[in-house]
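Numbering (this note's numbering), first residue to last: 17 to 159. Working notes for the structure below.
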């Protein structure tokens, strides 16, 4: 189960991510927002992060205009490793090396095609499990 959230700046791109998830039969929970009317990104970043941290959802995807604010909000929740990605290599390495459990993107930074490539990479790349990466993730979790 994937938790999704966006503010007004990420709403349109979130709708495209939803279509991708539906086309790939990936279950999701849309935590808002529900339109392109102005709203506050911390509300949605936090809601998605809580769903992931509690185990209600396996991973989360959050989107705002730059991805910065919503990723900061998500990372305030204990147990969340939300990575802001603007390319597929970052999405791949953050899964392989950091076991990131949330993806943040900036709708004003990435276009639809690149965003969907990033989502695909993020969702389909497993954590490597190498000792050095496990050790580093454990260190992050202790902070």
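Ideal Cβ placement from N, Cα and C applies to all residues, glycine included.
Looking at the DSSP output, residue 19 sits in a beta bridge with 45 and 76.
Looking at the DSSP output, residue 112 shares a beta bridge with no other residue. Per DSSP, reduced to three states, the secondary structure at residue 122 is strand. Here the alpha carbons of residue 39 and residue 57 stand approximately 27 angstroms from one another. Counting every other CB atom within 10 Å of its CB across the protein chains shown gives residue 111 a total of 16 or more, marking it as buried.
Approximately 15 angstroms separates the beta-carbon atoms of residue 25 and residue 64; this is outside 8 angstroms, ruling out the contact. Here the segment 117-135 lies against the segment 67-80, with 3 or more beta-carbon pairs under 8 angstroms apart. At the C-beta level, residue 33 and residue 69 stay beyond 8 angstroms of one another. If you compare the alpha carbons of 156, 80 and 61 with that of residue 125, the shortest gap goes to 80. Here residue 99 carries a strand assignment [DSSP, helix/strand/coil]. Distances from the CA of residue 71 to each of 43, 95 and 90 were compared; the closest alpha carbon is that of 95. When rounded, the separation of the alpha-carbon atoms in residue 144 and residue 150 is 9 angstroms. For the pair residue 52 and residue 27, the CB atoms are nearer than the 8 angstroms cut-off. DSSP, read as helix, strand or coil, puts residue 56 in coil. If you compare the alpha carbons of 83, 41 and 115 with that of residue 153, the shortest gap goes to 115.
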